[in-house]
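Chains as they are written, first to last, in the working numbering: chain A, 306 to 544; chain B, 306 to 544; chain C, 306 to 544; chain D, 306 to 544. Ideal placement from N, C-alpha and C gives every residue a C-beta, glycine not left out.
There are 4 protein chains.
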Amino acid sequence: MNITVWNEFRHEQRNDKVKAIYPQGIHAVLASFLQEENHHVTTATLDEAQHGLTDEVLNKTDVLLWWGHIAHDEVDDAIVQKVQQRVLDGMGLIVLHSGHFSKIFKTLMGTSCDLKWREATDKERLWVVDPSHPIAAGIGEYVELENEEMYGEHFDIPAPDELIFVSWFTGGEVFRSGVTYKRGNGKIFYFRPGHETYPTYHNEQIQTILKNAVQWAAPVKRERPVYGNAQPLETLKGE
Amino acid sequence: MNITVWNEFRHEQRNDKVKAIYPQGIHAVLASFLQEENHHVTTATLDEAQHGLTDEVLNKTDVLLWWGHIAHDEVDDAIVQKVQQRVLDGMGLIVLHSGHFSKIFKTLMGTSCDLKWREATDKERLWVVDPSHPIAAGIGEYVELENEEMYGEHFDIPAPDELIFVSWFTGGEVFRSGVTYKRGNGKIFYFRPGHETYPTYHNEQIQTILKNAVQWAAPVKRERPVYGNAQPLETLKGE
Amino acid sequence: MNITVWNEFRHEQRNDKVKAIYPQGIHAVLASFLQEENHHVTTATLDEAQHGLTDEVLNKTDVLLWWGHIAHDEVDDAIVQKVQQRVLDGMGLIVLHSGHFSKIFKTLMGTSCDLKWREATDKERLWVVDPSHPIAAGIGEYVELENEEMYGEHFDIPAPDELIFVSWFTGGEVFRSGVTYKRGNGKIFYFRPGHETYPTYHNEQIQTILKNAVQWAAPVKRERPVYGNAQPLETLKGE
Amino acid sequence: MNITVWNEFRHEQRNDKVKAIYPQGIHAVLASFLQEENHHVTTATLDEAQHGLTDEVLNKTDVLLWWGHIAHDEVDDAIVQKVQQRVLDGMGLIVLHSGHFSKIFKTLMGTSCDLKWREATDKERLWVVDPSHPIAAGIGEYVELENEEMYGEHFDIPAPDELIFVSWFTGGEVFRSGVTYKRGNGKIFYFRPGHETYPTYHNEQIQTILKNAVQWAAPVKRERPVYGNAQPLETLKGE
């Protein structure tokens, strides 16, 4: 599969703490472990021309990962529209952590995608609530992250097609942390963890989940549906 | 409840066939039978200032019905955004027939909302597939409409939260005709029938369904969720 | 509406702590606050003839509440089957707390309905994750129960039709605490809290949720679907 | 994968028309095309000891297909319970056509699984309503079966987790023909077509769908959840 990892790539260039964890950027770490699965993985970032998401790149992408945070507004609406169209055409999309507020996620959800948050000393424990789901393959009953940003309910998303993970936080909150949606011919997985100041994407269980998610989000090979004016397939009245 | 019936109101002024069926407009007929339920019903149309959807009107509307077709593009984006916000805040929304292609429905769904269609001599039979749903109260196993425009699958909508009606058409097609969604604090019902050249909204069973839908879509009375930075409810580590 | 509150009624007669909280039984407290809504409420208990669930009682019951724990096995299979049939025919069913392991709930779910549990000093906080749901009307962002038995995931239930509440527990667990299902013409609400040694059903917010649930679970008034051999509604080939 | 195809295998031995289509039994045809995918496929039939479903067979089966019709009642309850347990433990289950009334399907659904039916000259057209689903891979907008038994709504099943196919029938009915469920760690696909007097399982598109379904239903490799009394993962009050 052709995987494209998109990253805003701003924190890593400005903040020493983040740089220490992700010296080449969050996208480099994501790309690195996804390559282990023999996917063809490339990266794209906000400050490239067309954010690195040219028609050529998008058209050959099977699954796109999206990490963004402080510069959602800088993403060109025209590119957002192209990504949306590609999802409707079948491309998988994996939206990570603060990507909940990205234009592409909000556009595909139709809601505010707002939530509670806190940068403090919370522990996160992600419980598997759908043990039959391939995205949970190889994962124990829960994944524990010693330090993560808290995201709390209410998370203003449509009722997910599937709810795979629910998070517990020290401070008393819960969160629907791993949710799937289908839109058109494409599949979407939102996955909560991944705050830039913690080494979350270095965690092997988190890597397993994302490897699984990429497989799950693979486009289905079939002709796209035909829309518009349609001739009858059966004889109508008076014919 | 305060119900607002929004109608594009163009066909009825241009096309004699439509005018004959809906002399005062589709909105007038919708308003008329909804008033029988002791709701406070008002109407709003495209060519009024702000399409009749001022802040004052929207803020007091509990459930909004939406019929549009040939002038979706003339609906002001700013009004669409306000309607979306009101739905997220709890207002019910009932989208009718060709309203599947309205800006507000596409915005709330995140998909193309495209479909197959045909104006011919199809009969439509709407089968109840969720007999437990209050929107189907008082309705038999199916509703038969001797003449209706055909809408066929694939209907490019998110998987509905609830599927209540599935239509059969003479020409060999099927369609998910009555579907519900929740978005934020609001509820949405899309209902397929209602082509302007047929007397569909004069049909008593269709009227029953829409009366039920208005009740179902009523806003829930509660404080809206709080979003943003949140203090912990429990003691964090190191505190 | 005619409400029947069914209770095993064993703990209250054996355990002084439980008796102190529910001197007339859990059913008496449930019945008491439901009566405030002008429902006609009766009770039935395990040790009555036919567990108090005669055909006459069942046939006129609109919504049945079910609390059981230590004597699930003593419930007659024939009665379970009748209750199942009544749910399929439209009766609402509200299953409470340890009722997750009742024969009727397991029969309607088709799964083990197993879970993790702990009687200790956990606090429970039930977060509303579906703010549009009528069962959450009048409820704040969460309900806090200072002491409750812990139930933890994985909860072996089918993916709920609707997920309304998710619980946080002190000990590090989460739980899908308020879930809805439809089965046939009937609606089911499972609600987690209600351990016999805590005064949970005296809590006003819990009472509000159960009052809402009873309204939501009300049977839909319509003819039941017809099954079996069916004549064609349209002309078949060769006719 | 280890696939077991279970067949009642009665019609084929009694009815010449069925025998002509499936001389070695429906199971032989199903096994034959599934073997093309390099699965290890075995068959089992009602009249074998333990219906061919010994513990050894069940325990190594990854996906079980089930075709039954006139002898549902002859299936031993103890075997049904073992199959249910295997599904909850992760085994995939594909229920075919008249298997809607099998003990195992009714047990896993919790409903009557009843429907309308007619043996006549209906054509069936199965429309894909979820183009993103892997079970629809390689399938066009619809599959047309020139002759099939009619099954019509209301189909008394729980709201499916996913709805993939909706059927149109000549006689005026519709049907939810391809639906998925998860139960415990296992996945279930119900697929409507396959009446014994028609060569449905010789149809290449039907074969493609079933090949896809087997892949989709594959068990997830992970430790099963732990249930029962649980120690806290965090420090409780007063500890």
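DSSP beta-bridge partners of L541/D: Partner(s): none; L541/D has no beta bridge.
Quick check: the segment 389–407 of chain B against the segment 364–376 of chain B, are there 3 or more CB pairs under 8 Å? yes
List the endpoints of the continuous beta strand (DSSP E) containing H316/A. Unbroken run through H316/A is the alpha helix (DSSP H), H316 to R319; no beta strand (DSSP E).
Does any residue of chain C have a CB that is nearer than 8 Å to the CB of P436/A? yes
Which of the residues in the segment 522–541 of chain B, read from start to end, lie with their CB under 9 Å from any CB of chain C? A523, P524, V525, K526, R527, E528, R529, P530, V531, L538 and E539
Span of the beta strand (DSSP E), counted from its first residue to its last, around F494/A: Per DSSP, the unbroken beta strand (DSSP E) holding F494/A starts and ends at G491 to F496.
Along chain E, in chain order, which residues have C-beta atoms closer than 7 Å to that of G415/A? Checking the listed chains, one finds no chain E in this structure; the protein chains it contains are A, B, C and D.
Spell out whether any CB of chain D is found under 8 Å from the CB atom of L420/B. It does not: the Cβ of L420/B has no partner Cβ on chain D nearer than 8 Å.
Less than 8 Å between the beta carbons of G397/B and D427/B, yes or no? no
I'd like to confirm the pairing. Which residues does DSSP put opposite Y456/A in its beta bridges? W422/A
Pick out whichever of P530/B, H500/B, K516/B and T412/B has its Cα sitting closest to the Cα of H438/C. P530/B
Inter-residue spacing [alpha-carbon to alpha-carbon] between K411/C and I469/A: 22 Å
Could one say the Cβ of G443/C lies closer than 8 Å to chain B's Cβ atoms, at least one of them? yes
My guess is that G443/C and K526/B are in contact by the Cβ rule of under 8 Å, so how many angstroms apart are they, rounded? 6 Å
Contact belief for W371/A with I440/A at Cβ below 8 Å, rounded distance in angstroms: With 8 Å as the limit, W371/A and I440/A do not qualify as a contact, their Cβ atoms being about 17 Å apart.
Step through the CB atoms of chain D and report whether any lies within less than 8 Å of the CB of T426/C. yes
Please decide whether G543/C counts as near chain B, where near means a Cβ-Cβ distance under 8 Å. no
Could you work out which residues of chain D lie near H459/B, taking near to mean beta carbons separated by less than 9 Å? W432, V433, V434, D435, P436 and E446
Please report the distance separating the alpha-carbon of I331/B from that of R319/B. 13 Å
Residue of A464/D, A535/D, S407/D and N312/D minimising C-alpha distance to D435/B: Nearest of A464/D, A535/D, S407/D and N312/D to D435/B, Cα basis: A464/D.
Any residues in the segment 463–488 of chain B with a beta carbon nearer than 9 Å to a beta carbon of chain A? Which ones, in chain order? Cβ contacts with chain A come from P463, A464, D466, F474, T475, G476, G477, E478, Y486, K487 and R488.
In this structure, does DSSP put N508/A in helix, strand or coil? coil
Whole-Å CB distance - L420/D paired with G477/C, under 8 Å assumed: Rounded, the Cβ-Cβ distance is 45 Å, inconsistent with contact.
Name the two residues that bound the continuous beta strand (DSSP E) containing N307/B. First-last of the beta strand (DSSP E) with N307/B: N307 to N312.
Based on the DSSP output, what are the partners of W473/A in its beta bridges? R430/A and V479/A
Express the C-alpha separation of F338/B and Q536/C in angstroms, rounding to a whole number. 34 Å
Extent of the continuous alpha helix (DSSP H) to which L393/C belongs: D382 to L393
Cβ of D394/D within 8 Å of Cβ of N490/D? yes
Does DSSP put H438/C in a helix, a strand or coil? coil
Suppose contacts are defined by Cβ-Cβ distances below 8 Å. Is L369/A in contact with W311/A by that definition? yes
Since G491/C meets chain B, which of its residues come closer than 7 Å, beta carbon to beta carbon? S437
How about G415/C and M414/D: are their beta carbons less than 8 Å apart? yes
From the DSSP output, which residues share a beta bridge with L450/D? E429/D
Verify the CB distance criterion: does R423/B have a CB-CB separation below 8 Å to chain A? yes
Quick one: is L363/B near chain A, going by C-beta distance under 8 Å? It does not: the Cβ of L363/B has no partner Cβ on chain A nearer than 8 Å.
Simplified DSSP assignment, three categories, for T366/C: coil
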